[in-house]
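In terms of this note's numbering, the sequence shown opens at residue 135 and continues consecutively.
By construction, the Cβ of each residue, glycine as well, lies at the ideal position given by its N, Cα and C atoms.
In what follows, a structure is listed as structure tokens, so that the remarks can point back to it.
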Amino acid sequence: MIAIALLIFLPALAASVFALFFVFTVLALFRGAPFVPMHAQNVRAMVELAGLKPHERLFDLGSGDGRILLAAAERGARAEGWEINPVLVLASRLRIARAGLGNRARVHWGNLWRAPVGEADVITLFFVHPQMPRMEQFLRKRVRPGARVVSYGFRFPTWQAERSESGSHLYVMKHET
């Protein structure tokens with residue numbers, strides 16, 4: 135009897151998780167970017183390009199499965215991510231716990247447009263091209279001078295990158311706007 139229940143329950147659970155993931159992936163496409171896993175070398179390159187130091191605070195907007203959060207926490211930074219997809223939030227939290235980095239990294243389930251980016255030393259993101267103008271305006275209004283922003287893949291429309299390496303672009307907030 136239990137075996138039959140499991141044969142019914144487990145596929146239904148898997149289908150529900152997949153459906154939830156799909157719905158939030160489509161939603162993310164219109165709010166920022168869908169989840170696309172990054173290669174480990176690109177994650178390392180972003181963190182290196184940012185010049186992330188121990189005890190700095192890194193915010194990852196659209197943190198996906200937590201790869202950047204883990205890389206930042208392993209370097210001694212305090213890392214926080216914002217992710218709208220609850221399946222990815224769960225995956226991130228499990229990865230953080232498994233790595234034993236819960237004291238240095240955490241992920242918030244919510245809208246990244248509500249993240250308190252003015253508190254960050256470093257902000258990382260991997261958005262789609264159509265959302266870059268909106269993100270540029272969002273960050274210009276809220277990020278403090280001297281904070282570093284690293285965008286993977288796409289450039290901001292009017293900001294000049296300080297440096298670009300391995301598909302990542304480093305921006306430094308020069309003045310308050």
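Q | Per-residue DSSP class, three states only, for residue 243 | A | Here residue 243 is taken as the residue at index 109 of the sequence shown, counted from 1. Here residue 243 sits in strand by DSSP.
Q: Thinking residue 221 and residue 256 are a contact (beta carbons under 8 Å), I'd like their distance in whole angstroms, please.
A: For this step, residue 221 is matched to residue 87 along the sequence shown. For this step, residue 256 is matched to residue 122 along the sequence shown. Rounded to whole angstroms, the Cβ separation of residue 221 and residue 256 is 26 Å, and the two are not in contact under 8 Å.
Q: Tell me the start and end of each unbroken beta strand (DSSP E) in the segment 169 to 241 that is at least 3 residues and wholly inside, in chain order.
A: Qualifying beta strand (DSSP E) stretches, in chain order: 191 to 195 and 212 to 217.
Q. Taking DSSP as the reference, what is the three-state secondary structure of residue 311?
A. To locate residue 311, count along the sequence shown from 1; it is residue 177. Because the pLDDT at residue 311 is just 43, under 50, the model does not fix this residue reliably, and the value given afterwards should be weighed accordingly. Coil, per DSSP.
Q | residue 278 versus 304, 308, 271 and 188, residue with shortest Cα-Cα distance | A | Against the sequence shown, residue 278 aligns to sequence position 144. Selected option, being the one with the closest Cα: 308.
Q) Hey, quick one: how far does the beta strand (DSSP E) through residue 297 stretch, first residue to last? A) Within the sequence shown, numbered from 1, the residue matching residue 297 stands at position 163. Taken as a continuous stretch (DSSP letters only), the beta strand (DSSP E) holding residue 297 covers 297 to 299.
Q | Secondary structure of residue 274, DSSP reduced to three states | A | Stepping through the sequence shown from its first residue, residue 274 is reached at position 140. In the structure shown, residue 274 sits in a helix (DSSP, three-state: H, G or I).
Q: Have a look at residue 254 and residue 199 and give me their C-alpha separation to the nearest angstrom.
A: Position 120 of the sequence shown holds residue 254. Position 65 of the sequence shown holds residue 199. About 20 Å.
**Q.** Pair within 8 Å by beta-carbon distance, residue 215 and residue 260
**A.** By one-based count along the sequence shown, residue 215 stands at place 81. By one-based count along the sequence shown, residue 260 stands at place 126. With contacts defined as CB atoms closer than 8 Å, residue 215 and residue 260 fail to qualify as a contacting pair.
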